[in-house]
Amino acid sequence: MKQIPKPATGIMIYNEEGKIFLAKSHKWSNLWIVPGGHLEYGETLFESVKREAKEETGLNVTDIEFVQIQESLFAKEFYKSCHMVFLNFCCRATSKKVTLNEELDEFSWIFPKQALKKLKLNSATRRFIKKYIELGK
441 MKQIPKPATG IMIYNEEGKI FLAKSHKWSN LWIVPGGHLE YGETLFESVK
491 REAKEETGLN VTDIEFVQIQ ESLFAKEFYK SCHMVFLNFC CRATSKKVTL
541 NEELDEFSWI FPKQALKKLK LNSATRRFIK KYIELGK
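Quick look at the structure:
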């Protein structure tokens, strides 16, 4: 069977304080990541962002904006070898109660610049946060 890259959404969720939501994931070598996941067949990108945010964090989101595209080619940090194309979005949390699913192990609301200094981020998340800051979000 021919293998093809998997499109996935990466979701930078921010709150009214300007903090972003990050979580630790065993799927990413216990590094801190943004929520996200694979695009489902027949689903729009914005629908994917809302669904993945809700499934992984329990948060409802709005004000969804496209930020960037990133490629992840066989990242050693990920638990299995695969080629993913991340379509990264930022969005605002409209709810506060966090309920993590089985993919995420702990979470933090943190200012973007603090996250770069204090947390062990996976490489794609580090690039995403830098782009988010660069855009003045």
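Numbered by our numbering, the letters in the sequence shown go through residues 441 to 577 in order.
Ideal placement from N, C-alpha and C gives every residue a C-beta, glycine not left out.
{"Query": "Residue 524 classed as buried or exposed, judged by whether at least 16 other C-beta atoms fall within 10 angstroms", "Result": "buried"}
{"Query": "Three-state secondary structure (DSSP) of residue 492", "Result": "helix"}
{"Query": "Option in 453, 542, 488 with minimal Cα separation from residue 499", "Result": "453"}
{"Query": "Assumed close pair residue 462, residue 559 - CB separation to whole angstroms, cut-off 8 Å", "Result": "6 Å"}
{"Query": "Contacts around residue 566, its chain only, beta-carbon distance under 8 Å, and the 5 residues preceding and following it disregarded", "Result": "556"}
{"Query": "Closest residue to residue 495 among 526, 455, 478 (Cα-Cα distance)", "Result": "478"}
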